[in-house]
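Here the sequence shown is numbered in our numbering, starting from 1159 and rising by one per residue. This report refers to the structure that appears directly beneath it.
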Amino acid sequence: MESLNKENYNPEEHLFNTLNNLDIGFVKVNNTGVILNHNLFFNKIFGYNPEKNLIGTKILDYWQNTDDRDNFRKILYKNDIVKKYITSAKNLDGKQIFLELNFKLEKNSNGEIISSEGIFVDITKRTETEQRLKESERKSQNIIENLPMGVHTYQLGKDGHLYLIGSNPAADQILGVDNSLSIGKTIDQAFPNIVDTDIPEKFGEIAEKGGFWHKEDIIYEDKRIKGAFENFNFQASPGIVVSMFNDISERKKAEQKLKESEKKLRNLNIQLEQRIEERTWELKESENKLRKFMDSATDGIIIFDSKLNYIDVNNITLQTVDMTREELIGKNILDIAPGLKETGRYDKYLDVIKTGKPFSTEDIIFNRKDGSLSSFFSTRAFKVGNELGIIFTDITERKKAEEKLKESEKKYRNLFESCIDGIVLTDMEGRILDCNEKYSDMLGYTIEELQKLTYLQLTPEKWHAGEAEIVQNQFIAQGYSDEFEKEYIKKDGTIFPVALKGWLIKDENGNLEGMWGFIRDITESKKKEEEIRLHSEIMTNMSEGVYLIRLEDLIIVYVNPRFEQMFGYESGEMIGKYVVIVNAPTEKTPEETKNEIMGILQETGEWHGEVQNIKKDGTIFWCYANVSLFDHPEYGKVIVSVHTDITERKKREEEIIDEKNKLQTVINTIQNGLSVQDLEYNILYHNHVVTDLFGDCVGKKCYKIYEGNDKICLECPVELAFKDGKSHTIIRELKKPHSGEISYWENIANPIRNSEGKIVSCLEIATNITEIKKSEEEIKRIKESYERLTDNANVAIFRVKIKGRDIVYSIPVNPAAERLFGYSKAEWLSDSTLGFKIIHPDFVEKQKQIMGDINKNKKPIKNAVLGWIAKDGQEVILEYTIIPILDDNGDIVYFESIGVDITERKKSEETLKESERKLKEAQALGKIGYWEFDITNQQITWSDQVFKIYNRDPSLGPPSEEEEAHYYTSDTNERLKEYARRAIEFGEEFDYDLQANLPSGMVVHLSALMRTIKNRSGQVIKLTGTVQDITERIEKEKEIEEDLKEINQLKSEFLRRASHELKTPLISIKGFSDLILALYEDQLDPVIISKLREINDGCERLQNIINNLLKTSRLESTEIKPKVQKEDLSFLINFCVHELQALAERRKQSIKLDIHDNLFVNMEKEEIHDVLSNILTNAIKYTPPKGKIEVKTELKKDFVVVSVSDNGIGFTEEQKKMIFQQFGKIERYGKGLDLGIDGTGLGLYISKRIVEMHDGKIWMESEGKSKGSTFYFTLPTAKR
């Protein structure tokens, strides 16, 4: 099962899925620009449906600019690769898109381009955003340059200091200096007068943490305002602070005059004046708060054309005139402010455009579009290019305040007559002399009745002592009392609380006359305080967040602690903020979200729903909000909003929806059959797999559908699941109703319970195991064959689990492993160190080295020789192939070791070594062939043994150089001369083997040594050496090689099987190394890039070999059948010819087609494609340049004959017998024939197997060498 899963794994599909997840498009095209393959994200980039197959279209059609396209191709063909090429393209709708391309060329071994492949990254949004940012920066800079407010920009340096990096003209005018001279200086250097203030520290804090700081600086001279400045400071971006400031001296002076005028008011008497002053102070405080808020608002900005038509405005302007941008843009200024013509200001603005001289004024009145409001503004007009810019400040509130102060004098003068508090006059003994009606009504007495009483009679006794103390310590001591609370007794006996404050009255001589008292009934206030305290306690401790928004301006006036905690603000930090700070930007802006909710509130008075909010730190979260209108005693008309954090609930809902979608996707895409049956075995639901097998089965009995029975099936898993509530499995053999096709399914029945735990139905999952059943039979057959081979051969196979250099366990896989070592499988499993205990002492270090290499490199090791001591004490020597098996993380799970017993061979080798040792000893004693060449006199000397080896008469002496040259081949002669030259010149020494053809006809194999003799100066003066006849050893080695052929064949079989396991990691290595080169080549070291390309080249070669080996192995199986269906053979032939046309054209060959149209046959298209491509490639390869190739089809009764003819090199009769055999490659050499195309000799053998599996035949005809050839194959025709 594991090997099946690995074979079914598609690395190319896995690579495509990885690129899809990275939002990267991939495409591969041939050398004519036709798309050969692409992934789904390629479709998405160009606007095509994911199911749209773009294979066969031209890649050049997707370019928008032909010059850009040609430039890209020029770079690609010059450098073989293009990285991060930015270009525009067009999608399916004709819309312009921007892409980043990374492409590379694929070439064959001759350097010829065969294809190219690359990846696409859609950067449209990024490009459009960059363009919008540039335009926005240009407009912003133009506005800043013309602002009447001074603007300074500071940057936080790496040294922690703030540096001035920008200043506008208004800043120079306001400060009276040229700030350009300070650009680049620190804030302390540029403005030394602020060094001892908190400004540098505040600016540094804003640069690092962000935030907004509003500051006013007022300069006094003799208690009069000399000058005033207003500053707005904020973080434009991390490390950048913008400071905007304005001269507000005139406004502050006006405010000071207003305050001074208030002091000139006179009260009716000193006591009333003091009370009025307190009330006036409270009013001023309220007015100052409002004014401070209004002063911090951003000014309005307008741009007019030369005819004073609106062409651009900011949001403050739109809010001011209560119009949308669309309503305002294009209107004339007189449409909004018709009075400007009469005042002459309209002409003044035209004069600014004409002369460029700025103009400032106040009291400009703007009317809203409904005519309901007039506003007063202070404006400054300036020229912007050929246009007019106006910046205005709303001074409406200041005008209103002036009017309000004028009216307040009259109100305060009538205050006593209409005072809401009770006023009473007593003498020093506490007798009531006079009071107002409010006081008498408060106590339930008439004024006349009260004049007969003292205040002590109206006060509960518990207050008498304390009140007497207040009279003494405050009234008499300081002339007045602070406000204090006490209780009064009404006429009806009711006791109620009051707040009292009084003043002492003296005559002209300073004598005490009496006291004024101001009394306020605080009964309702006490109740409200208690109610407010209770409400405050509830609001503080409730789990929901609550905040109040003032309806008139949508300013937050109250938040409870839970709301502040929910949004991440400090206590009180949200008060005074605009309501939209809580709205998160979604597909709507925060302002649009506010408008939508306000619209519903105005219609219905309330709003309820889910809304995305944003915390102070930018975190977006979900809330459920209940919003309603409310009349608040302090804040007036307010919006009450109660928020409940539902982020976790939303996450759970999204997770549930996501899981539901995933489940539905799985159900719709899995190849398992799913069905649900009720307790009566009626099918309630089933997926497409069941539909494909049996049609619509809903409402039918499951046993009727699956088994054709009228009662419950025997050992029914559903019945068993209903009975015991457990999962049950059964293997079913099913037959399709119409076709009769038999398939095998593994059915698992799982009971489904309701919320009460009661079984209500059953889910049955069916897995098609037909192929698994077939594979299991095939695996069983292969295993039996494999076991027969390995059990009878001296090949020990082990599976070894390791941890580092330690062996966890060793498992002998075949009987030979137990037989060779003498230990049983149980003994190996019981002792994990057995592999270390029985290692031969001479091989201990070698074993450690092998273990280290496997852990380090994680690659197979071949031809590793290790010696062991078997259980019977005998030495066993094996030659190993060790294959590590890795998991998905690249870690070793275990390794397979395949050891061939070479004990006897090693013994033979040791014997030969011993013989050589003895021969060398014999040479030392002068009993073997010895020669010496004296360089000085050019004389050579042979020992007697040398003459015997060369079968030469000693009396003839050594042969001359010319005579000896006849003993060897020309290559050997050249090699011997080179050895002699290097020995004489460089003192090198040589051991070498050679073959001599003696005059007697004998052929001897020789092993020779060449050494040098040097004089004291280190100069070579002689060459000496020995000669050994090794003819017998060579013959023995040939015998050994023959003995090893059978073992090598078995080893080849093992390697073939191992190639299955190599395929998956091999393709993954190539795919991801390609991806690394495409994405990160510019970031990698050249050495690493070189290694990655070597990996790619090696993977390509090895993959071709493995694919052919695997395909051959697969085709040898009698169980494998092609998945044939009706296909157009004509189309396939044309497609294959088109693929190879470029190769033929490079060799100036012509391909003629004589085929039928609409030729339908029964075939598996991909397999027959391989056959056609193989035969056509061979024809092109073995046909000389300018040759001719012809493809024909011939219709027979039940089959089609396809032939491929060429006038190429042809075949001999002997070669004809080889070409359809495994590894039957015939090497061809000659001018114009060798294309450098590697081959294994498996192509025609594979083609033969494919054709035969399609019930066809394949053969070849050739009249002989250099007379061309014709390959034929047949395929059954499809019935129409």
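The C-beta atom is built at its ideal place from N, Cα and C for all residues, glycine as well.
Could you check what DSSP says for residue i in three-state terms: helix, strand or coil?
{"i": "Gly-1993", "result": "helix"}
{"i": "Leu-1498", "result": "helix"}
{"i": "Ser-1395", "result": "strand"}
{"i": "Ile-1578", "result": "coil"}
{"i": "Gly-1624", "result": "helix"}
{"i": "Asn-1473", "result": "helix"}
{"i": "Gln-1723", "result": "helix"}
{"i": "Gln-2307", "result": "coil"}
{"i": "Asp-1375", "result": "strand"}
{"i": "Tyr-2108", "result": "coil"}
{"i": "Glu-1728", "result": "coil"}
{"i": "Asn-1826", "result": "helix"}
{"i": "Ser-2427", "result": "strand"}
{"i": "Glu-1873", "result": "coil"}
{"i": "Thr-1802", "result": "strand"}
{"i": "Val-1953", "result": "strand"}
{"i": "Gly-1660", "result": "strand"}
Apart from the five residues just before and just after residue i, which ones in its own chain have a Cβ nearer than 6 Å to its Cβ?
{"i": "Thr-1928", "result": "Ser-1901 and Tyr-1902"}
{"i": "Thr-2099", "result": "Glu-2090"}
{"i": "Lys-1808", "result": "Trp-1780"}
Under 9 Å, do residue i and residue j count as touching if we go by C-beta distance?
{"i": "His-2441", "j": "Leu-2353", "result": "No statement about residue 2441 is possible, as the shown extent of the chain runs from 1159 to 2438 and does not include it."}
{"i": "Val-2319", "j": "Leu-2433", "result": "yes"}
{"i": "Ser-1274", "j": "Lys-1262", "result": "yes"}
{"i": "Asn-1845", "j": "Asn-1826", "result": "yes"}
{"i": "Leu-2235", "j": "Arg-2251", "result": "yes"}
{"i": "Gly-1547", "j": "Phe-1462", "result": "yes"}
{"i": "Ile-2338", "j": "Ile-2347", "result": "yes"}
{"i": "Val-1918", "j": "Leu-1837", "result": "yes"}
{"i": "Ile-1364", "j": "Gln-1393", "result": "yes"}
With a CB to CB cut of under 8 Å and the five nearest residues on each side skipped, what residues in its chain are close to residue i?
{"i": "Asp-2286", "result": "Asn-2316, Leu-2317 and Phe-2318"}
{"i": "Ile-2050", "result": "Ile-1960, Ile-2012, Asn-2013, Lys-2016, Pro-2042, Ile-2043 and Leu-2044"}
{"i": "Ile-1955", "result": "Thr-1948, Pro-1970, Val-1971, Asn-1972, Ala-1974, Ala-1975, Glu-2054, Ser-2055, Ile-2056 and Gly-2057"}
{"i": "Ile-1345", "result": "Tyr-1312, His-1319, Leu-1320, Tyr-1321, Leu-1322, Ile-1352, Ile-1357, Pro-1358 and Phe-1361"}
Report the rounded CA-to-CA distance for residue i versus residue j, giving the unit in angstroms.
{"i": "Gly-1776", "j": "Met-1732", "result": "15 Å"}
{"i": "Glu-2190", "j": "Pro-2157", "result": "20 Å"}
{"i": "Met-1700", "j": "Val-1796", "result": "20 Å"}
{"i": "Val-2295", "j": "Ile-2263", "result": "24 Å"}
{"i": "Asn-2439", "j": "Glu-2322", "result": "Any answer about residue 2439 is impossible in this case: the structure gives the chain only from 1159 up to 2438."}
{"i": "Gln-1222", "j": "Asn-1211", "result": "21 Å"}
{"i": "Gly-2422", "j": "Thr-2341", "result": "14 Å"}
{"i": "Tyr-1716", "j": "Asn-1404", "result": "32 Å"}
{"i": "Glu-1209", "j": "Asp-1280", "result": "20 Å"}
{"i": "Glu-1374", "j": "Asn-1389", "result": "6 Å"}
{"i": "Tyr-1570", "j": "Leu-1591", "result": "Bear in mind that the predicted position of Tyr-1570 carries a pLDDT of just 44, short of 50, making it unreliable; the figure below should be weighed with that in mind. Approximately 24 Å between the Cα atoms of the pair."}
{"i": "Pro-1618", "j": "Pro-1655", "result": "11 Å"}
{"i": "Asp-2129", "j": "Leu-2311", "result": "50 Å"}
{"i": "Asp-1868", "j": "Thr-1925", "result": "24 Å"}
{"i": "Cys-2257", "j": "Val-1769", "result": "55 Å"}
Considering Cα atoms alone, identify which of the options is closest to residue i.
{"i": "Glu-1595", "options": "Gly-1588, Thr-1551 and Phe-1676", "result": "Phe-1676"}
{"i": "Tyr-2088", "options": "Gly-2159, Ala-2028, Ala-2166 and Asn-1819", "result": "Ala-2166"}
{"i": "Glu-2200", "options": "Arg-2063, Ile-2333 and Leu-2311", "result": "Arg-2063"}
{"i": "Ala-2302", "options": "Pro-2223, Asp-2059, Asn-2336 and Ile-1491", "result": "Asn-2336"}
Cutting at 7 Å between CB atoms, please list the residues of its own chain near residue i, excluding the five before and the five after it.
{"i": "Trp-2192", "result": "In the sequence as presented, Trp is not what sits at residue 2192; that position holds Ile. Excluding positions up to five away in sequence, the list reads His-2163."}
{"i": "Lys-1664", "result": "Leu-1670 and Glu-1671"}
Does the beta-carbon of residue i, which I'm using as the reference point, lie nearer than 8 Å to any heavy atom of the ligand GTP?
{"i": "Lys-2279", "result": "With respect to the ligand GTP, the structure offers nothing, as it holds no ligand at all."}
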